[in-house]
Structure formats: structure tokens, C-alpha cells
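A.B. asks: What follows is a single structure, and I will ask about it in a moment.
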DNA sequence: GAAACTACTTACCTCTTGGAAACTAATCGG
DNA sequence: CCGATTAGTTTCCAAGAGGTAAGTAGTTTC
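Protein chains in written order, with our numbering: chain V, 11 to 131; chain S, 11 to 131.
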């Protein structure tokens, strides 16, 4: 008799894995969490503000990532009728549902820093 | 007088952003969350089990990602002295501190699915 | 009229990610 | 000895992520 070695994880778990894949597809890339994190702190911000605040990002990347986020309704884009035209970006109500993830990510990163720091002392 | 347009986000926020970057560097790539999620469900699993359970991953990728995770002490590797040699992987106690992130990610992904489903109806 | 600021876009190029497939090496069953 | 199973490694390759730099276009300021 052949060894079966099937674990057959429950459907619930399969859904979990699918859910994780969905989330990560939407939030993939080097900059999305940074942009969202910054926007959540700063409220509504203009393009140039973000370019200055999100350290190291290039205009091209910022533009592309903002488009992605807008497409997924996580961020809203508002063109203001000011002297030199300005555009305001804001995290949508829906985007704010990501706050728990971002907070957990930030918490873990802080704890990681502390752990590494302690170990290297 | 030149316009200053400096937001000067607080140091607290800078740390937050740095923390997010740290987390994402360790957890980057297409498969880390999947592997961790699967291992958290399955307890200790062997290489071939993971290869079967983590849908779509290739041996090369699984091997590389497991090495990364082991290096960061998120997963432990134990060689067992069995007839055909087997290797068990397990999430470490430290790795388990990632559970909140993974849970939030899964929750959000489920909610996202539901939202899309409702909108497309 | 030149320079500067707004918000981008475009072109080009490089480096990394990740997939497919084949190969290694040890051991066991028949 | 052959084939299967274990846990990988190696090689080759394609696609995409992301960086640099320059260009576009409208408006305001000097």
C-alpha cells in the first residue's frame, strides 16, 4: 500500500491562504505600506508633500503606486483649483480598514529592532 | 519669502515608517506569509508536506524562503534520523509573534473578497 | 522673458524575483 | 539493480520592479 501523506488542510485554512494572497497582491511592492502609513499620519497630503515625506521614493514610483492605491479604492485623489494646481491624496474610509495591519506591522518592526539591539549589546 | 512647505512629521512617525520598512524587508517576497500561515496551521511540517500544501511554490523557492525565515529565527529546522531522512520545519516562539499580522492580513483579505463579491453582484 | 513650482509622464536601463526543469545523493522496497 | 522517496541544489531564462534623468504643461513670481 502506497503511503498517502496527505494532510488535507481544512477548507477554512485554504480560504485563509487565499485571503492572505489577495491582501498581499493589493499591497505588494516596496512603497504601498509606506505611502499608506504616511497618509494615515498626515491626513490629506499633496503629491509633493508625499514625495518629500516618503524617503527615497521617485516621482515615477509615487505616481504609479498612488494610481494602484486609487484603483483599489484605498486612496482618494482630489484636484484642487488653486493657483498652481495641487492634488490632494487621502486614505479613504475603506483604506482605513488597513490600519490594524499597518499598526501590527509597525509594532512588530519596533519589537524586532529592540530584540536585535538587545542581542547585539 | 520662500514658501517652506515642511511638514516635519514627528520622530515618532519616522520610527513607525522605519519599523514598517524593517518588517517588510524580513517578510518580503511572494511566499513568506503563505509559508508562515501554513506552518502556523499545520504545526511542524516536513519539506515535502510544505511543497504540497503551499500551492504553486517550486522546490527552489521553498528552500530559499525557508532559509531566509530560519536566518531570521522565525522558523526552526530539525533534521530527523529517519529511514529516508526527513526535515521538520516549525514556527519558532519568536515567529509566533507574527500571528497578529498574519491574522489581520487574512481578515482583511476575507473582507476584501466579500466587498468585491457584493459590488459585482 | 527666465526661473520656479505644481504634478506628472516617458524613456532607458539594470537588478532582482521567481519559474521550469534537470540533477545530486542517500536510503529503502521489491 | 531499478525505481521511488527524502531534501534539496543548480542552471537557465523571462518578466517585472524599480531607479535615474529628462521632458511636458500650466501658472506665478521676479
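For glycine and all other residues, C-beta sits at the position ideal for the given N, C-alpha and C.
Please read these numbers as outputs of a predicted model, since none were measured by experiment.
When you compare the CB of residue 102 of chain S with every CB in chain V, is at least one pair closer than 8 angstroms?
C.D. replies: For the purposes of this step, residue 102 of chain S is identified with residue 92 of the second chain, where counting begins at 1. For residue 102 of chain S, the answer is no, since every Cβ of chain V falls outside 8 angstroms of its Cβ.
A.B. asks: Taking beta-carbon pairs under 9 angstroms, can you tell me which members of the segment 87 to 114 of chain V lie near chain S?
C.D. replies: Hits within the stretch, in order: 104, 107, 108, 110, 111, 112, 113, 114.
A.B. asks: According to DSSP, is residue 28 of chain S part of a helix, a strand, or is it coil?
C.D. replies: Translated into positions along the second chain, residue 28 of chain S becomes position 18. Looking at residue 28 of chain S - three-state DSSP - the assignment turns out to be helix.
A.B. asks: Quick one: residues in its chain with C-beta nearer than 8 angstroms to the C-beta of residue 106 of chain S, no 5 flanking neighbours on either side, listed in chain order?
C.D. replies: Start at 1 with the first residue of the second chain, and residue 106 of chain S comes out as number 96. Taken in chain order, the residues that qualify are 50.
A.B. asks: Per the DSSP calculation, residue 88 of chain S is bridged to which residue(s)?
C.D. replies: For the purposes of this step, residue 88 of chain S is identified with residue 78 of the second chain, where counting begins at 1. Paired residue(s): S:98.
A.B. asks: Within the same chain, show all residues whose beta-carbon is closer than 8 angstroms to that of residue 64 of chain V, passing over the 5 residues directly before and after it, in chain order.
C.D. replies: Mapped onto the first chain, residue 64 of chain V falls at position 54. 41, 44, 45, 48, 72.
A.B. asks: Taking Cβ to Cβ, would you say residue 102 of chain V is nearer than 8 angstroms to residue 84 of chain V?
C.D. replies: By 1-based counting over the first chain, the position of residue 102 of chain V is 92. By 1-based counting over the first chain, the position of residue 84 of chain V is 74. Going by C-beta atoms, residue 102 of chain V is nearer than 8 angstroms to residue 84 of chain V.
A.B. asks: Kindly identify the DSSP beta-bridge partner or partners of residue 55 of chain S.
C.D. replies: Within the second chain, the letter at position 45 stands for residue 55 of chain S. Answer by DSSP bridge pairing, in chain order: S:99.
A.B. asks: When you compare the CB of residue 128 of chain S with every CB in chain V, is at least one pair closer than 8 angstroms?
C.D. replies: Looking up residue 128 of chain S in the second chain gives position 118. Chain V contact via Cβ: absent.
A.B. asks: Against chain V, does residue 121 of chain S count as a neighbour if the rule is that its beta carbon must be under 8 angstroms from one of theirs?
C.D. replies: Counting from 1 along the second chain, the entry for residue 121 of chain S is found at position 111. At least one chain V Cβ lies under 8 angstroms of residue 121 of chain S.
A.B. asks: Leaving aside the five residues before and after residue 104 of chain V along the sequence, list all residues of the same chain whose C-beta is less than 8 angstroms from its C-beta, in chain order.
C.D. replies: As a working mapping, residue 104 of chain V is identified with position 94 in the first chain. These residues qualify, in order along the chain: 83, 84.
A.B. asks: Using a beta-carbon distance below 8 angstroms, is residue 34 of chain V in contact with chain S?
C.D. replies: Here residue 34 of chain V refers to the residue found at position 24 when the first chain is read from its first residue. So, interface residue.
A.B. asks: Taking all protein chains shown into account, decide if residue 55 of chain V is buried (16 or more other Cβ within 10 angstroms of its Cβ) or exposed.
C.D. replies: As a position in the first chain, residue 55 of chain V is number 45, starting the count at 1. With 16 or more Cβ atoms within 10 Å of its Cβ, residue 55 of chain V is classed as buried.
A.B. asks: Contact defined as beta carbons within less than 8 angstroms: I believe residue 53 of chain V pairs with residue 29 of chain S. What is the distance between those atoms, to the nearest angstrom?
C.D. replies: To locate residue 53 of chain V, count along the first chain from 1; it is residue 43. To locate residue 29 of chain S, count along the second chain from 1; it is residue 19. Rounded, the Cβ-Cβ distance is 20 angstroms, inconsistent with contact.
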